[in-house]
Amino acid sequence: MTLVDHPVDGPWAGSDIGGESNADRAYEVIRERLVMLDIRPGEPINDDRLATELGFGRTPVREAVKRLERDRLVVAYPRRGTFATAVDLTDLADISEIRTQLEPTAAARSARTASAEARARLAVLARGIAAIDDGDDPREVLRRDVYVHREIYRASGNPHLEQILITLDGHATRIWCLFLDRLPDVATHVREHVALLEAIVAGDEVAAAELTLAHVTGFERAIRALL
Amino acid sequence: MTMLSSEELEADPEGMSFADRAYLAIRDKLIMLDIRPSEAIVESELAAELQFGRTPVREALKRLEADRLVVSYPRRGTFATGVDVADLRHISQIRVNLEPVASRTAAEAANPGTREQLSRLADDTDALDVAGIDRNELMRWDLKVHRAIYRAAGNPHLEDVLVRYDNLATRIFCLFLDRLPTVAKHVGEHTDLLRAIAAGDGDAAAAIALDHVVGFEESVRAIV
Chain A
67 MTLVDHPVDG
77 PWAGSDIGGE
87 SNADRAYEVI
97 RERLVMLDIR
107 PGEPINDDRL
117 ATELGFGRTP
127 VREAVKRLER
137 DRLVVAYPRR
147 GTFATAVDLT
157 DLADISEIRT
167 QLEPTAAARS
177 ARTASAEARA
187 RLAVLARGIA
197 AIDDGDDPRE
207 VLRRDVYVHR
217 EIYRASGNPH
227 LEQILITLDG
237 HATRIWCLFL
247 DRLPDVATHV
257 REHVALLEAI
267 VAGDEVAAAE
277 LTLAHVTGFE
287 RAIRALL
Chain B
4 MTMLSSEELE
14 ADPEGMSFAD
24 RAYLAIRDKL
34 IMLDIRPSEA
44 IVESELAAEL
54 QFGRTPVREA
64 LKRLEADRLV
74 VSYPRRGTFA
84 TGVDVADLRH
94 ISQIRVNLEP
104 VASRTAAEAA
114 NPGTREQLSR
124 LADDTDALDV
134 AGIDRNELMR
144 WDLKVHRAIY
154 RAAGNPHLED
164 VLVRYDNLAT
174 RIFCLFLDRL
184 PTVAKHVGEH
194 TDLLRAIAAG
204 DGDAAAAIAL
214 DHVVGFEESV
224 RAIV
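Residue numbers (the numbering used here), protein chains in the order written: chain A, 67 to 293; chain B, 4 to 227.
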């Protein structure tokens with residue numbers, strides 16, 4: 067049902083329409099570097115150097131950096147330049163405050179409303195996650211973690227929720243990466259998603275919400291235990 | 004009573020770039036429906052109208068795209084986003100979760116200076132002539148109250164999200180304002196909410212915030 071006519075087919079198909087622009091691609095690449103700490107917290111961001119290194123023009127890189135500023139992954143100071151944001155304990159608390167609300171909501175919504183195709187995709191994902199070995203490269207394991215989260219957000223069918231949670235998951239993953247050497251059980255943590263994915267596939271929204279909440283609070287506790 | 008413009012609502016009006024100013028001006032137009040949902044946006048016309056260069060306007064439109072107030076399609080152009088019932092539900096789902104958290108945290112953690120400020124804002128809200136006030140000024144007031152609460156919660160990530168979703172919700176509010184019978188009640192709820200936060204009553208603040216969001220969604224749904 068439409069309140070106001072759209073001149074075009076979908077309300078906000080956003081990134082799906084007409085493919086990605088160079089600015090979108092630059093954004094994804096630089097974001098990944100910031101999240102995985104290839105660019106360390108506090109490190110200066112040089113648009114020109116990034117453009118050369120990544121093979122993009124300056125304009126898409128500039129646009130991408132502006133977007134990353136709104137995500138709070140970089141910060142620009144007049145006359146001093148642009149830097150990767152610092153990570154501190156306050157961020158962990160602030161991000162957890164939002165994620166404890168929205169992550170269970172997204173998981174429950176996915177369990178309730180996901181399409182048959184989305185459920186099939188999540189079931190395949192669960193099998194892959196179950197096969198993660200303790201000896202696997204922890205950074206690779208984390209990348210798969212990010213991927214699982216994104217698929218769950220997408221299955222929730224609320225594009226707003228998806229966008230917010232992707233941003234926050236970026237911050238959470240950044241904190242993970244910062245402590246990766248001191249967190250022995252990353253594989254165990256990621257394998258927790260098997261039960262969650264199975265709950266979503268089975269349409270059990272209560273279990274999906276509970277498992278997600280335990281996952282988010284468990285993450286915060288694991289990090290705090292190291293401090 | 005003097006109303007604040009949207010510029011003054013922002014934390015740091017000094018040191019704003021042209022792009023920041025263009026962003027605020029266009030955002031205001033979108034929320035207050037000077038640019039209607041789904042209306043085409045022509046960069047050059049907007050730049051001429053607002054007397055900004057095209058570069059700051061282009062940058063502002065990119066930001067508004069991230070805010071989901073604007074959508075751009077290759078070869079077809081840029082439009083104000085449409086509004087439909089699914090959006091209302093999606094937006095409410097986020098606000099139902101987060102507005103009570105922000106209000107509770109503000110009630111529990113705000114410093115005495117902030118409480119004093121929220122308390123004054125409650126008095127000023129109480130004194131508003133809701134029936135006589137201009138629609139846009141009322142909406143600006145609404146935005147201002149919500150922003151003051153988000154700021155008081157002291158979580159910048161939460162503030163980012165809630166500001167964005169308050170903008171989207173206020174735009175929907177503007178669309179139906181003439182047909183909503185409950186505007187005075189809606190504004191009155193703000194007074195109670197501000198007072199609960201100022202008094203440090205987290206439970207009451209969370210409950211009022213939840214009612215406020217749910218009530219808004221229900222009153223819009225009742226007329227569409």
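Glycine included, each C-beta is placed from N, C-alpha and C at the ideal position.
Computed from a prediction, not measured in an experiment: that's the story for all the values here.
Would residue i count as contacting chain A if we go by Cβ distances under 9 Å?
i, result
"residue 119 of chain B", "no"
"residue 202 of chain B", "no"
"residue 81 of chain B", "no"
"residue 168 of chain B", "yes"
"residue 234 of chain B", "In the structure displayed, chain B extends from 4 to 227; residue 234 of chain B sits before or after that span and is not available."
"residue 114 of chain B", "no"
"residue 14 of chain B", "Unreliable placement is indicated for residue 14 of chain B, whose pLDDT of 47 sits below 50; no coordinate value is reported for it."
"residue 29 of chain B", "no"
"residue 62 of chain B", "yes"
"residue 189 of chain B", "no"
Please report how far the alpha carbon of residue i lies from the alpha carbon of residue j, in whole angstroms.
i, j, result
"residue 291 of chain A", "residue 201 of chain A", "23 Å"
"residue 278 of chain A", "residue 207 of chain A", "18 Å"
"residue 86 of chain A", "residue 177 of chain A", "29 Å"
"residue 159 of chain B", "residue 160 of chain A", "8 Å"
"residue 67 of chain A", "residue 182 of chain A", "A caution first: residue 67 of chain A carries a pLDDT of 46, below 50, which makes its placement in the model unreliable, though a value can still be read off. Rounded to whole angstroms, residue 67 of chain A to residue 182 of chain A spans 23 Å at the Cα level."
"residue 173 of chain B", "residue 94 of chain B", "11 Å"
"residue 209 of chain B", "residue 165 of chain B", "15 Å"
"residue 182 of chain B", "residue 217 of chain A", "40 Å"
"residue 30 of chain B", "residue 72 of chain B", "8 Å"
"residue 45 of chain B", "residue 80 of chain B", "8 Å"
"residue 150 of chain B", "residue 244 of chain A", "32 Å"
"residue 171 of chain A", "residue 155 of chain B", "25 Å"
"residue 175 of chain A", "residue 154 of chain A", "31 Å"
"residue 266 of chain A", "residue 173 of chain A", "7 Å"
"residue 133 of chain A", "residue 184 of chain A", "29 Å"
"residue 186 of chain A", "residue 221 of chain A", "11 Å"
Return no unless some Cβ of chain B is closer than 9 Å to the Cβ of residue i.
i, result
"residue 144 of chain A", "yes"
"residue 206 of chain A", "no"
"residue 163 of chain A", "yes"
"residue 244 of chain A", "no"
"residue 225 of chain A", "yes"
"residue 271 of chain A", "no"
"residue 276 of chain A", "no"
"residue 187 of chain A", "no"
"residue 237 of chain A", "yes"
"residue 199 of chain A", "no"
"residue 283 of chain A", "no"
Looking only at its own chain, which residues have a Cβ that is under 8 Å from the Cβ of residue i, when we skip the five neighbours before and after it?
i, result
"residue 283 of chain A", "162, 166"
"residue 239 of chain A", "101, 102, 208, 211, 212"
"residue 177 of chain B", "34, 35, 36, 138, 142"
"residue 38 of chain B", "29, 32, 44, 83"
Looking only at its own chain, which residues have a Cβ that is under 6 Å from the Cβ of residue i, when we skip the five neighbours before and after it?
i, result
"residue 96 of chain A", "130"
"residue 217 of chain B", "none"
"residue 105 of chain A", "99, 150"
"residue 201 of chain B", "118, 121, 122"
"residue 70 of chain B", "167"
"residue 74 of chain B", "82, 84"
Residue range of the beta strand (DSSP E) that residue i falls in?
i, result
"residue 75 of chain B", "73-76"
"residue 285 of chain A", "First-last for residue 285 of chain A: 271-291, but that is the alpha helix (DSSP H), not the beta strand (DSSP E)."
"residue 140 of chain A", "140-143"
"residue 130 of chain A", "Per DSSP, residue 130 of chain A belongs to no beta strand (DSSP E); it is in the alpha helix (DSSP H), 124-136."
"residue 81 of chain B", "80-83"
"residue 116 of chain B", "First-last for residue 116 of chain B: 115-129, but that is the alpha helix (DSSP H), not the beta strand (DSSP E)."
"residue 149 of chain A", "147-150"
Could you tell me which chain C residues have their CB closer than 8 Å to the CB of residue i, listed as they occur along the chain?
i, result
"residue 160 of chain A", "Of the protein chains in the structure, A and B, none is chain C."
Among the residues of its own chain, which have a CB less than 7 Å from the CB of residue i, if the five just before and after it don't count?
i, result
"residue 113 of chain A", "124, 127, 128, 131"
"residue 235 of chain A", "212, 215"
"residue 227 of chain B", "88"
"residue 286 of chain A", "158, 162"
"residue 78 of chain B", "none"
Where does the unbroken alpha helix (DSSP H) through residue i begin, and where does it stop?
i, result
"residue 164 of chain B", "159-179"
"residue 186 of chain B", "186-201"
"residue 245 of chain A", "Note, residue 245 of chain A: premise wrong, no alpha helix (DSSP H); not H, not E."
"residue 197 of chain A", "Looking at the DSSP string, residue 197 of chain A is not in any alpha helix (DSSP H), and its letter there is neither H nor E."
"residue 112 of chain A", "Premise fails: residue 112 of chain A is in no alpha helix (DSSP H) and is neither H nor E."
"residue 169 of chain A", "155-179"
"residue 100 of chain B", "88-112"
| said: Count Cβ pairs between the stretch 252-263 of chain A and the stretch 185-204 of chain A that sit closer than 8 Å; are there 3 or more? | reply: yes
| the stretch 107-117 of chain B / the stretch 193-212 of chain B touching (three or more Cβ pairs under 8 Å) | yes
| request: Evaluate contact between the stretch 16-26 of chain B and the stretch 50-61 of chain B, counting only Cβ atoms and requiring at least three cross-stretch pairs below 8 Å. | output: yes
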